[in-house]
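Working notes, beginning with the structure itself.
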Amino acid sequence: MKISLGKFRKIYDIAVIGGGAAGISAAINGKAAMKDVVIFESDEPLLKIRKAREIRNYPGFPKATGEEISEAFLNHIKEMDIDLKREKVTGIVREKNFVIYTQKGKAWAKTVILAVGLKSEETFPGEEDLLGKGVSYCVLCDGAAYSGGKVAVISDSEEGEMEAEALKKDYGCGVVYIPLYELKSSDASFSILKNRPLAFKPREKGVEVEFKDMEEGLIVDGVFLIKQFTSPGRLVRGLKMRGRHIAVNRAMETNIPGVFAAGDCTGGPFKIAKAVGEGQIAALGAVRYISQLDSQKMEVKQ
Ligand SMILES: Cc1cc2nc3c(=O)[nH]c(=O)nc-3n(C[C@H](O)[C@H](O)[C@H](O)COP(=O)(O)OP(=O)(O)OC[C@H]3O[C@@H](n4cnc5c(N)ncnc54)[C@H](O)[C@@H]3O)c2cc1C
Numbered sequence: 000m001k002i003s004l005g006k007f008r009k010i011y012d013i014a015v016i017g018g019g020a021a022g023i024s025a026a027i028n029g030k031a032a033m034k035d036v037v038i039f040e041s042d043e044p045l046l047k048i049r050k051a052r053e054i055r056n057y058p059g060f061p062k063a064t065g066e067e068i069s070e071a072f073l074n075h076i077k078e079m080d081i082d083l084k085r086e087k088v089t090g091i092v093r094e095k096n097f098v099i100y101t102q103k104g105k106a107w108a109k110t111v112i113l114a115v116g117l118k119s120e121e122t123f124p125g126e127e128d129l130l131g132k133g134v135s136y137c138v139l140c141d142g143a144a145y146s147g148g149k150v151a152v153i154s155d156s157e158e159g160e161m162e163a164e165a166l167k168k169d170y171g172c173g174v175v176y177i178p179l180y181e182l183k184s185s186d187a188s189f190s191i192l193k194n195r196p197l198a199f200k201p202r203e204k205g206v207e208v209e210f211k212d213m214e215e216g217l218i219v220d221g222v223f224l225i226k227q228f229t230s231p232g233r234l235v236r237g238l239k240m241r242g243r244h245i246a247v248n249r250a251m252e253t254n255i256p257g258v259f260a261a262g263d264c265t266g267g268p269f270k271i272a273k274a275v276g277e278g279q280i281a282a283l284g285a286v287r288y289i290s291q292l293d294s295q296k297m298e299v300k301q
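Using numbering that gives the first Met the number 0, you'd call the opening residue of the sequence shown number 0 and step up by one each time.
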């Protein structure tokens with residue numbers, strides 16, 4: 000007899016995206032309020048702080064190296080037994096709960112705290128206009144929409160090679176792989192085009208990728224852009240941004256109910272204590288939001 004476990008999937012209370020100062024503070028505060036918390040971190044946690052040679056403005060540490068402060072933060076989450084997953088989040092979709100897509104799979108959470116820091120992200124002309132209309136950042140979220148079609152995968156890291164494989168094997172796509180880095184392996188099962196794209200243009204069916212020194216562009220059904228850093232506005236569709244920063248109120252709420260943000264991604268000053276404080280406010284907001292959800296369910300039952 001086959002038993003389906005599909006119904007019993009784990010749903011975290013709070014998914015924190017980013018393991019920097021803001022994310023770690025949010026996770027500690029969520030866990031202190033007895034919530035089930037997970038942190039997703041695409042790189043080394045606390046890498047930015049680690050780079051600081053000397054930190055003189057963090058309370059309790061009059062003169063510490065970045066390494067010392069990061070160790071103290073990491074020991075704290077270990078001590079509290081907080082789940083830290085070394086996975087890059089590629090997309091977040093709101094269903095009944097939030098679905099968090101990563102390179103390795105997906106997870107579910109009642110609330111999301113975005114603590115992704117701030118990096119500049121290069122965009123191609125035409126990319127923004129075609130988002131959701133032929134351009135995607137997440138194979139797991141959107142791959143099925145291009146099943147059996149022809150797609151281009153443009154990537155700034157080796158991670159794109161796995162995504163190209165997945166599009167070929169899992170979705171039966173014809174894949175043209177365009178590496179924006181020095182490609183090492185030569186035994187790839189998809190075709191490779193070593194030329195830097197210039198722009199994307201909408202075509203009757205799909206997208207044209209234009210290149211330097213190529214008279215005709217590449218016409219495909221869809222383009223997957225795999226970037227090491229995806230700006231939060233692209234990670235969560237419909238998220239309101241203020242320039243490069245996530246728009247939040249003083250409770251660290253974004254325009255999407257249940258999604259909070261903290262740290263450098265909400266704007267300056269770009270300081271550890273500010274990130275930690277915002278992480279705490281975001282976690283308290285998430286806890287409050289979960290209580291509201293629970294009381295609504297109680298009312299429906301009565
Ligand atoms: C060299 C240097 C020295 C500094 N010195 C000081 C100082 O002396 N005092 C001070 O107060 N501040 C200092 N700062 C600034 C301080 O480090 C930052 O303000 C603080 O670390 C911001 O924390 P954050 O959590 O908001 O962002 P970050 O520390 O940038 O953390 C964001 C995390 O999110 C992860 N992430 C991003 N996207 C994803 C995704 N899609 N999926 C999963 N994970 C993702 C990133 O990998 C990153 O680890 C310094 C910064 C630098 C670079």
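The beta-carbon is built from N, C-alpha and C at its ideal position, and this holds for glycine as well.
Just so we're clear, the structure is a prediction, and the values are computed from it rather than from any experiment.
Inter-stretch contact at 8 Å, needing at least 3 Cβ pairs: the stretch 59-67 / the stretch 7-15: These segments do not touch.
Within-7 Å CB hit, THR101 to chain D: Of the protein chains in the structure, only one exists, and it is not chain D.
Alpha-carbon to alpha-carbon, LEU238 and ASN254: Here the question's residue 254 lines up with position 255 in the sequence shown. Here the question's residue 238 lines up with position 239 in the sequence shown. Whole-angstrom Cα-Cα distance: 7 Å.
Where ASP12 sits in the DSSP three-state scheme: Start at 1 with the first residue of the sequence shown, and residue 12 comes out as number 13. Three-state result, ASP12: strand.
LEU197: first and last residue of the uninterrupted beta strand (DSSP E) it sits in: Locating residue 197 in the sequence shown gives position 198, where the first residue counts as 1. Unbroken beta strand (DSSP E) run through LEU197: 196-202.
Beta-carbon proximity of VAL98 to LYS87, cut-off 7 Å: One-based indexing of the sequence shown puts residue 98 at position 99. One-based indexing of the sequence shown puts residue 87 at position 88. Cβ atoms of VAL98 and LYS87: not closer than 7 Å.
Beta bridge counterpart(s) of TYR57 as assigned by DSSP: Translated into positions along the sequence shown, residue 57 becomes position 58. DSSP output for TYR57 lists PHE60 as bridge partner(s).
Contacts around VAL349, its chain only, beta-carbon distance under 6 Å, and the 5 residues preceding and following it disregarded: With the chain covering only 0 through 301, there is no way to say anything about residue 349.
Contact test: ALA246 Cβ vs ligand 1 heavy atom, cutoff 6 Å: Taking the first residue of the sequence shown as position 1, residue 246 is located at position 247. Every heavy atom of ligand 1 is 6 Å or more from the Cβ of ALA246, so no.
Counted within 10 angstroms of its Cβ, other Cβ atoms place MET0 as buried (16 or more) or exposed: As a working note, residue 0 is residue 1 in the sequence shown. Its pLDDT being 46, under 50, MET0 is placed unreliably in this model, and the coordinates cannot settle the point.
Whole-angstrom distance between GLU164 and ASP186, CA atom to CA atom: Here residue 186 is taken as the residue at index 187 of the sequence shown, counted from 1. Here residue 164 is taken as the residue at index 165 of the sequence shown, counted from 1. Using only the alpha carbons, I get a separation of about 12 Å.
VAL134, buried or exposed, once every other Cβ within 10 Å from all chains shown has been counted against 16: In the sequence shown, the residue the question calls residue 134 occupies position 135. Per the 10 Å Cβ criterion, buried.
Spatial neighbours of GLU277 in its chain, beta-carbon cut-off 7 Å, leaving aside the 5 residues before and after: Residue numbering aside, residue 277 sits at position 278 when the sequence shown is read from its first letter. Taken in chain order, the residues that qualify are ALA21, MET251, ALA261, GLY262 and THR265.
Euclidean distance between Cα positions of MET79 and VAL208: Within the sequence shown, numbered from 1, the residue matching residue 79 stands at position 80. Within the sequence shown, numbered from 1, the residue matching residue 208 stands at position 209. So the alpha carbons of these two residues sit roughly 48 Å apart.
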